[in-house]
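Since the structure comes first, as structure tokens, the remarks are kept for the end.
2 protein chains.
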Amino acid sequence: MVRRNFIFDTIKGVFRKYGYRQIETPAMENISTLTGKYGDEGDKLIFKILNSGNFIDQNELSKFTSEVIERIWKAKEEATNSSSDSEIEIDLNEPIRNLIEAEKALRYDLTVPFARYVVMHQNEITFPFKRFQVQPVWRADRPQKGRYREFYQCDADVVGSDSLINEAEFILIYDEALTKLGLKDFTIKINNRKILSGIAELIDKVDNIVDMTVAIDKLDKIGLNGVINELLGKGFTENDIKIIEPVILLQGSNTEKLEKLRAALANSPIGLKGCDEVEEVLNYLASCRLQTASCELDITLARGLNYYTGAIFEVKTNEVSMGSIGGGGRYDDLTGMFGLKGLTGVGISFGADRIYDVMEELNIFPAAADQATRLLICCMDKEGEQFAFPILQQLRRQDVNAELYPAGAKLKKQLDYANNNHIPYTIIIGSQEMQTGLLTVKNMETGVQEKLTVEQVVTSFGR
Amino acid sequence: MVRRNFIFDTIKGVFRKYGYRQIETPAMENISTLTGKYGDEGDKLIFKILNSGNFIDQNELSKFTSEVIERIWKAKEEATNSSSDSEIEIDLNEPIRNLIEAEKALRYDLTVPFARYVVMHQNEITFPFKRFQVQPVWRADRPQKGRYREFYQCDADVVGSDSLINEAEFILIYDEALTKLGLKDFTIKINNRKILSGIAELIDKVDNIVDMTVAIDKLDKIGLNGVINELLGKGFTENDIKIIEPVILLQGSNTEKLEKLRAALANSPIGLKGCDEVEEVLNYLASCRLQTASCELDITLARGLNYYTGAIFEVKTNEVSMGSIGGGGRYDDLTGMFGLKGLTGVGISFGADRIYDVMEELNIFPAAADQATRLLICCMDKEGEQFAFPILQQLRRQDVNAELYPAGAKLKKQLDYANNNHIPYTIIIGSQEMQTGLLTVKNMETGVQEKLTVEQVVTSFGR
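For the protein sequence lines, the chains are A and B, in the order given.
Under our numbering, read the first sequence as residues 485 to 947, first letter to last.
Under our numbering, read the second sequence as residues 485 to 947, first letter to last.
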């Protein structure tokens with residue numbers, strides 16, 4: 485929890501610094517809000533909650549009952565008439581499933597509940613609406629390493645503003661948050677759906693844009709030949725590939741790439757619009773220098789393309805081998821599914837679990853001194869306890885996280901407690917300490933001991 | 485969220501200061517873990533989650549199907565034999581309910597999941613185990629004012645230590661946390677189950693202790709006559725009441741009450757033990773002075789008596805009329821329900837929703853300057869935006885929460901945004917500002933304006 489809190493508190497602090505406000509939505513949504521938003525596979529992974537009380541639809545039940553009676557009755561009649569003794573076969577799975585009332589379900593992600601929230605509160609919200617949300621989501625997946633039935637998502641979105649400042653600020657947010665977490669080398673890849681549309685226009689395959697981008701998105705994994713084979717398999721021609729290939733393989737600085745792209749997309753207004761947008765975002769960033777990240781235009785980047793309409797982001801660490809640790813983009817119709825059309829937005833999320841794994845692998849979690857106990861006072865008897873208790877409170881008044889091990893346990897047990905709980909300092913109160921008022925402070929890691937007066941202890945631990 | 489975070493962050497900080505470590509448990513528990521722990525009424529309020537995939541028990545279904553077939557078949561035969569035309573009546577609610585597989589449920593409180601956690605991890609945990617937990621719980625109640633289907637609980641417990649230092653520290657935790665939240669006058673009532681047992685012994689009604697304590701717990705609400713009538717109704721005699729009455733009405737300081745109690749309970753070893761325990765807790769507190777709270781021995785305090793075996797706590801504000809804002813006590817068998825016997829523990833919880841209401845009524849929420857946006861920069865055009873963006877980043881480097889309203893909106897709309905989002909300061913960037921480099925900072929509440937250079941702005945907002 486200390487480590488997870490460190491990650492989330494850091495990211496939340498940066499979101500706030502950029503003017504994002506926290507919301508939380510309930511764990512339960514109406515099933516109708518969630519179904520149909522995540523594809524057929526996604527729908528199967530939604531956890532449904534039984535209505536409380538009687539969860540059997542009584543109208544449906546009486547229909548069900550009469551139908552079953554009629555069916556069996558008829559079967560009986562037929563059996564009697566034919567004098568045969570065949571068994572009745574009847575599958576009641578589906579009809580019974582339809583009787584069950586489950587109107588609520590656990591949220592599957594933070595995006596759909598956010599869209600529902602915006603539509604529901606559209607008259608109270610001041611747009612542009614900048615919100616962040618860090619909450620668990622639930623998926624009825626088979627649990628396995630790195631895949632849990634309950635896990636946290638960490639999202640920020642702004643809706644109701646088409647300014648590209650928002651895109652630039654999200655890149656700054658990634659840069660600042662990941663820098664604060666201690667990452668030393670990571671790349672924020674950007675792309676723009678409009679550039680991808682322009683490329684599809686080049687070869688007159690606008691309707692096959694998904695096939696095209698799904699293929700070129702795999703360049704990293706399957707190499708150029710793999711991409712070409714996939715494209716050929718999907719009905720793209722040798723000629724198409726001749727045109728796309730140099731675009732896919734664009735090299736150079738962002739400026740150089742943009743220049744070459746503009747030449748290639750000269751006949752595609754939408755493609756050129758995409759180039760303009762990327763350039764504007766990069767211009768904002770040029771005026772204020774990123775702390776750690778390198779920002780790279782990568783036109784193979786597609787992600788959930790059908791969703792995004794403008795900018796697309798993805799963040800990768802270059803220090804360890806790991807999938808993307810963040811991503812997002814601009815969408816023009818988040819709330820359309822709930823009847824509020826034409827509200828543009830852009831959002832990002834942090835992959836907190838992967839960031840955790842990266843930080844663990846790099847061993848860059850801080851000692852977390854401000855959350856954990858700094859000092860354990862050990863007592864040999866009740867008298868020591870009475871002596872120690874006011875000292876303990878003096879330390880706490882100075883905002884020192886401190887504990888007293890209740891008298892009665894052997895010293896070894898008390899020191900084990902300090903070690904197991906990673907408490908860095910201990911003081912042992914014995915009769916000598918009570919007589920002289922001099923306390924021995926022991927550094928549990930180095931074993932170094934120091935004799936201090938009560939006042940010196942309070943001063944040295946207090947801040 | 486800002487206000488709720490303020491409450492929880494304050495309480496969490498105090499828990500940590502006293503050596504409590506945060507845990508979180510999953511939202512879902514096995515239904516078998518939860519049922520039977522909250523009484524029949526509670527069981528009905530548990531939200532059950534349908535198994536994913538096919539949630540109909542196939543073995544039960546085939547039994548169900550053959551039974552239904554047989555029943556209807558028989559009814560048909562009877563109908564045929566008697567040549568009557570009566571309808572078949574059959575209620576399938578119960579049998580269908582039994583087919584439904586729902587193995588998981590949403591947690592109903594934090595205590596039972598904590599007990600499950602302790603038993604499950606007993607070999608990894610270092611005892612005494614001091615944990616706190618702040619998470620939502622779910623109850624399938626009819627929602628109404630102050631009662632929600634999802635709400636946060638905020639608990640701290642220590643298990644595996646019978647030291648009364650823990651009780652004393654919980655009183656200090658209440659005192660420190662509520663003081664930090666800005667409460668100026670509140671009472672921490674304490675009692676001890678053993679004293680209540682002693683009183684029951686006095687009148688030889690040990691088996692009726694629940695009836696007795698439920699009645700005297702109502703003294704505040706129904707007065708002495710009400711309590712007496714209830715006791716008489718429950719089979720207590722006039723003589724019993726003659727003995728209990730002076731004990732219930734005990735007045736004076738805690739020391740005076742203890743003295744009188746000891747006299748009254750002189751023949752009850754368990755009653756005297758209770759007095760000793762209360763005295764020991766009060767002695768710890770005497771050595772370190774409470775900041776705000778008054779701590780009062782109240783022998784009418786019972787709460788969920790069957791649960792508690794030692795100390796009982798309850799916190800009440802004296803500033804506004806409100807139920808208890810916190811409570812807890814010692815229990816000797818939290819984990820027994822999961823097979824781990826004899827683990828003693830003591831715990832408290834904060835009633836966060838009520839504390840929120842109290843703070844709102846007293847209007848003592850802080851301005852929350854550290855979480856919300858401090859400054860909004862308004863621009864008239866793209867040029868202003870380009871000018872403002874680096875200034876914005878300079879402010880953020882100084883950890884100032886600041887926002888830029890994207891160019892293109894009318895000034896009125898931009899200032900409305902500041903007002904609606906409670907942003908206390910604005911700067912408007914126009915052509916004059918860009919020429920002179922002098923920015924006008926406006927205090928949105930007072931209307932006072934000040935002309936500052938960029939550097940002065942950064943210095944005055946930075947900390």
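By construction, the Cβ of each residue, glycine as well, lies at the ideal position given by its N, Cα and C atoms.
Just so you know, these numbers come straight off a predicted model, no measurement behind them.
| Asked | Found |
| --- | --- |
| Per-residue DSSP class, three states only, for residue 873 (chain B) | helix |
| Contacting positions in the stretch 632-647 of chain A - beta carbon closer than 7 Å to chain B | 634, 645, 647 |
| Three-way DSSP call (helix, strand, coil) for residue 841 (chain B) in this model | helix |
| Distance between beta carbons of residue 513 (chain A) and residue 588 (chain A), contact taken as under 8 Å | 7 Å |
| Test item: CB-CB of residue 685 (chain B) and residue 754 (chain B) under 9 Å | yes |
| Proximity to residue 718 (chain A) [Cα-Cα], best of A:732, A:706, A:700, A:695 | A:695 |
| Straight-line gap, residue 915 (chain A) to residue 849 (chain B) (C-alpha atoms, nearest Å) | 47 Å |
| Chain B contact for residue 607 (chain A) (CB, 9 Å cutoff) | no |
| Residues bridged to residue 643 (chain B) [DSSP beta-bridge criterion] | B:613, B:829 |
| Within chain A, partners of residue 869 (chain B) - CB distance below 9 Å | 647, 649, 768 |
| Option in A:605, A:525, A:646, A:557 with minimal Cα separation from residue 826 (chain A) | A:646 |
| Chain-ordered neighbours of residue 771 (chain A) on chain B, where CB pairs are closer than 9 Å | 870, 873, 874, 877 |
| Residue 831 (chain B) Cβ short of 8 Å to the ligand SAM heavy atom set | For the structure depicted, the ligand SAM is absent and the ligand set is empty, with no information on it obtainable. |
| Any C-beta of chain B under 9 Å from that of residue 942 (chain A) | no |
| Interface partners of residue 485 (chain A) on chain B, CB under 8 Å | 505, 506, 507, 508 |
| Chain A within 9 Å of residue 531 (chain B), Cβ atoms only | yes |
| Beta-carbon proximity list for residue 508 (chain A), same chain, < 8 Å, skipping 5 on both sides | 617, 619 |
| Assigned secondary structure, residue 514 (chain A) (DSSP; H/G/I helix, E/B strand, else coil) | strand |
| Residue from B:933, B:893, B:917 with nearest C-alpha to residue 910 (chain B) | B:933 |
| Beta-carbon proximity check, residue 806 (chain B) vs residue 491 (chain B), cutoff 9 Å | no |
| Alpha-carbon to alpha-carbon, residue 938 (chain B) and residue 613 (chain A) | 27 Å |
| Residues that residue 557 (chain A) bridges to, as DSSP identifies them | Residue 557 (chain A) is not bridged to any residue. |
| Start and end residues, alpha helix (DSSP H) containing residue 778 (chain A) | Counting along the chain, residue 778 (chain A) falls outside any alpha helix (DSSP H), though it belongs to the beta strand (DSSP E) covering 778-781. |
| Distance CB(residue 711 (chain A))-CB(residue 700 (chain A)) smaller than 9 Å | yes |
| Among B:813, B:790, B:669, B:804, nearest to residue 798 (chain B) - alpha-carbon criterion | B:813 |
| Pair within 9 Å by beta-carbon distance, residue 969 (chain A) and residue 531 (chain B) | Summary: the structure shown does not reach residue 969 (chain A), with chain A confined to residues 485 through 947, and so no result is reported for it. |
| Inter-residue CB distance, residue 516 (chain A) and residue 671 (chain A) (contact presumed, cutoff 8 Å) | With a Cβ gap of about 40 Å, residue 516 (chain A) and residue 671 (chain A) do not count as contacting. |
| 9 Å Cβ cutoff met for residue 912 (chain A) and residue 895 (chain A) | yes |
| Simplified DSSP state of residue 668 (chain B), which is helix, strand or coil | coil |
| Whether residue 833 (chain A) touches residue 594 (chain A) by CB criterion (9 Å) | yes |
| Close-in-space but distant-in-sequence residues of the same chain around residue 879 (chain B) (CB under 8 Å, 5 per side omitted) | 859, 886, 941, 942, 945, 946 |
| Counted within 10 angstroms of its Cβ, other Cβ atoms place residue 730 (chain A) as buried (16 or more) or exposed | exposed |
| Distance CB(residue 888 (chain B))-CB(residue 863 (chain B)) smaller than 9 Å | yes |
| Within-9 Å CB hit, residue 673 (chain A) to chain B | no |
| Terminal residues of the beta strand (DSSP E) in which residue 811 (chain B) lies | 810-815 |
| Three-state class that DSSP yields for residue 910 (chain A) in the structure shown | strand |
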